Amino acid sequence: MSYMKIDAQQIFQNNVKFVEYSRSGVVYYTENLDELYELKKLGWNFNTCSAGYRVIPPSVTICDITECKKIEQYKNIILNLAYFNFLKKLKKKNKLEDYIYHVLRNNEVYYKNFSFHVSCSPILEAEIKIEGVDLRLYHLKEDMLVEFMNQEDYKDFYLLSKKQISKNKMYIKKIENDPKILSFYETLIKKNSIVRPIYISSEHYQIDTSILEDLEYDIMLFIPYGCYKFINLFMNKNNYQKVMFWEVHIDQSKPNIHKLYAKDICGRRILILDSVYSGKTVLYIKKVVEEMGGIPIILGIYPKSKSVINILDYVLLINKVYKKDELDLEDPKFFEHIYISSCKEAIKNDENNSKTSEI
Amino acid sequence: MMKTIQKQVKYKIENFDALSKKLIQLEAVFIGGFFEKTIRYDTVDHYLFDHGIFIRTKSGLRNVLTLKEKTRKNDNTLLERYATEIEIDDIEKMEYILSRIGLTNKIIMEKYRLYFRWNHIEISIDELPFGIYLEIKGDDKEIRNLSKQLGFKSKDMITVTYWDIYDKIKHNDNNDIQFDKNHIFKIATY
Chain A
4 MSYMKIDAQQ
14 IFQNNVKFVE
24 YSRSGVVYYT
34 ENLDELYELK
44 KLGWNFNTCS
54 AGYRVIPPSV
64 TICDITECKK
74 IEQYKNIILN
84 LAYFNFLKKL
94 KKKNKLEDYI
104 YHVLRNNEVY
114 YKNFSFHVSC
124 SPILEAEIKI
134 EGVDLRLYHL
144 KEDMLVEFMN
154 QEDYKDFYLL
164 SKKQISKNKM
174 YIKKIENDPK
184 ILSFYETLIK
194 KNSIVRPIYI
204 SSEHYQIDTS
214 ILEDLEYDIM
224 LFIPYGCYKF
234 INLFMNKNNY
244 QKVMFWEVHI
254 DQSKPNIHKL
264 YAKDICGRRI
274 LILDSVYSGK
284 TVLYIKKVVE
294 EMGGIPIILG
304 IYPKSKSVIN
314 ILDYVLLINK
324 VYKKDELDLE
334 DPKFFEHIYI
344 SSCKEAIKND
354 ENNSKTSEI
Chain B
34 MMKTIQKQVK
44 YKIENFDALS
54 KKLIQLEAVF
64 IGGFFEKTIR
74 YDTVDHYLFD
84 HGIFIRTKSG
94 LRNVLTLKEK
104 TRKNDNTLLE
114 RYATEIEIDD
124 IEKMEYILSR
134 IGLTNKIIME
144 KYRLYFRWNH
154 IEISIDELPF
164 GIYLEIKGDD
174 KEIRNLSKQL
184 GFKSKDMITV
194 TYWDIYDKIK
204 HNDNNDIQFD
214 KNHIFKIATY
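Respectively, the protein sequence lines represent chains A and B.
According to my numbering, the first sequence holds residues 4 to 362 in order.
According to my numbering, the second sequence holds residues 34 to 223 in order.
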């Protein structure tokens with residue numbers, strides 16, 4: 004049986020645009036199921052929309068200095084900062100693409116007919132993200148790191164970072180064992196399973212939310228489905244009953260909208276928690292809450308730029324919630340300084356807790 | 034001729050968490066995790082094996098064809114081989130070429146590999162169907178230094194290949210090392 008051959012590289016190269024979440028990337032719209040099938044095999048993801056299928060290629064975070072999981076991806080927080088500084092320097096000099104081409108050239112056979120795109124945006128100050136035409140992107144990520152470690156100036160970057168952080172340490176994780184909260188998660192999973200399966204882990208990074216202890220709020224508003232990845236960071240026995248879910252999309256091509264544990268908003272203080280890239284979704288929901296007579300307070304999770312932090316009231320960076328007004332957003336190395344202080348804090352917490360065992 | 038000497042040592046790992054902690058303390062860098070399938074080729078009468086020559090294809094991080102040769106040195110301190118490696122596009126085509134020149138005897142080995150770097154040393158934590166092992170590749174001094182820092186003793190050193198280890202512990206005539214149950218390492222496999 005003959006089947007359709009597609010030129011994924013051409014689709015990739017012809018569809019780089021400034022996408023709706025305010026960064027450059029590849030988005031391709033098609034109604035053709037053959038095409039979708041071939042792209043899916045290459046690792047592309049899709050969702051249905053009014054134009055048929057909205058398809059996006061594989062993407063990876065090469066380096067990030069705002070969220071624990073991404074910071075720990077190389078199991079070395081000293082290296083992560085060194086790598087970030089190295090990549091940032093390349094990006095500033097417009098040399099990052101050249102660096103990646105160099106890595107590709109070192110492995111010409113493997114990367115034959117491979118295309119990539121470095122995502123660009125002022126909202127990506129603290130993260131380096133790239134997209135690729137197929138799953139070789141994951142190997143490219145590894146090769147980029149090895150190339151960095153083989154560079155002459157690697158030692159300089161590493162030593163500078165080590166001077167600031169001193170010790171390699173992973174962030175503390177906690178396992179939820181409160182039966183009421185676990186049962187709350189179970190109910191959420193059950194209810195969501197009707198429309199879309201979700202997963203909530205009972206293990207999560209321990210974050211410092213002490214600044215929220217004095218904050219008075221009546222409702223915690225989470226926005227599915229992204230929220231299920233981080234809801235466990237904020238739950239405790241005093242607040243899980245205040246939770247409400249409200250699915251909203253700025254992108255009208257995503258039709259699903261649901262409410263769960265809906266509550267009366269009018270006259271009440273609503274703590275809106277959402278991961279923020281461009282900030283458009285939180286601004287939109289803030290407006291809706293205000294129109295309904297509620298008093299919104301925004302807690303943005305892992306923003307990647309200072310400009311986005313400016314629209315928030317509170318912000319989660321790495322393992323701590325900060326009040327926006329108490330942050331020095333004028334500092335040109337703001338993210339780096341937050342990173343260094345979080346690392347030092349993690350080391351301090353660990354010092355009383357170290358024990359060794361036989362391998 | 035791009036023939037390099039590869040030196041390596043292995044250790045059996047009983048406590049994976051303790052090893053992970055130690056690697057973090059030593060500031061090793063995690064590069065990536067992947068599933069690796071190695072196929073070793075030989076003639077039906079094991080001519081290559083008998084002459085200390087090993088030809089294999091490996092898919093995982095990338096597809097490669099490697100020729101390994103035993104070195105003359107055999108002081109049993111480290112596993113040492115000459116290695117000549119080229120990247121290949123298509124494993125199946127290579128398999129066909131090898132079979133046409135008489136290398137029809139194939140044995141398979143599967144493993145899940147977590148790959149780290151520490152300075153210039155390559156560290157792999159390998160999950161095989163018969164256990165978890167640490168493999169260190171580098172020069173003598175570096176290998177010994179890292180082994181010491183990880184708390185291993187000389188008596189723990191394994192200086193043979195996974196094929197040799199399996200050969201000693203297997204309970205049947207099957208030479209293939211393949212998973213018949215779920216693996217432990219939850220790593221991205223592509």
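Ideal Cβ positions, reconstructed from N, Cα and C, are used throughout, including at glycine.
This one's a predicted model, so the numbers in the text were calculated from it and none came from an experiment.
Inclusion of B:Asp172 and B:Lys40 in the CB contact set at 8 angstroms is warranted, their separation being smaller than that value. With the criterion set as a beta carbon lying under 9 angstroms from some beta carbon of chain B, the members of the stretch 35-46 of chain A are Gly46, in sequence order. Around the beta-carbon of A:Pro335, fewer than 16 other beta-carbon atoms lie within 10 Å, marking it exposed. Spanning the alpha carbons of A:Ile80 and B:Tyr129 requires a straight line of approximately 45 angstroms.
CA-CA distance, B:Thr37 to A:Lys91, rounds to 35 angstroms. For B:Ser53, no beta strand (DSSP E) run applies; the uninterrupted alpha helix (DSSP H) run containing it begins and ends at 49-58, by DSSP.
Setting aside the 5 residues that flank it on each side, A:Glu75 is surrounded in the same chain by Met173, each with a C-beta closer than 6 angstroms to its C-beta; the list follows chain order. When secondary structure is reduced to three states using DSSP, A:Met238 falls in the coil class, being assigned neither helix nor strand.
The residues Ile268, Arg271, Ile273, in chain order, have a CB closer than 6 angstroms to that of A:Gly297 in the same chain once the five nearest residues on each side in sequence are set aside. At a cut-off of 8 angstroms between beta carbons, A:Asn180 makes no contact with chain B. Beta-bridge partners assigned by DSSP to A:Met223: A:Val246, A:Leu274. Looking from the CA of B:His153, the closest CA among B:Arg95, B:Ile46, B:Leu179 belongs to B:Leu179. Bridge partners of B:Glu113 according to DSSP: B:Lys40. A straight line joining the alpha-carbon of B:Met190 with that of B:Asp213 spans about 28 angstroms. The C-alpha of A:Asp316 lies about 6 angstroms from the C-alpha of A:Lys326.
Neighbours of A:Leu162 in chain B, taken as residues whose beta carbon is under 7 angstroms from its own, are absent, since the nearest beta carbon is some 12 angstroms off. Spanning the alpha carbons of A:Glu339 and B:Trp196 requires a straight line of approximately 47 angstroms.
Counting of Cβ neighbours within 10 angstroms places A:Asn171 among the buried residues, the total reaching 16 or more. Between A:Glu41 and the set A:Asn17, A:Ile68, A:Asp10, the nearest pair of CA atoms involves A:Asp10. For B:Glu120, the nearest CB of chain A lies under 8 angstroms from its own CB, placing it at the interface with that chain. Our two residues, A:Asn109 and A:Asn116, have alpha carbons roughly 14 angstroms apart in a direct line. In this structure, DSSP gives A:Ile288 a helical state, which the three-state scheme calls helix.
Looking at the DSSP output, B:Gly164 sits in a beta bridge with B:Leu161. When the five nearest sequence neighbours on each side are left out, no beta carbon in the same chain lies closer than 8 angstroms to the beta carbon of B:Ala51.
Residues of chain B whose Cβ lies closer than 9 angstroms to the Cβ of A:Glu206 do not exist; the shortest such Cβ separation is about 13 angstroms.
Residue-level contact by beta carbon holds for A:Leu148 and chain B, with a gap shorter than 8 angstroms. Between the C-alpha atoms of A:Asn17 and A:Val29 there is a straight-line separation of about 8 angstroms.
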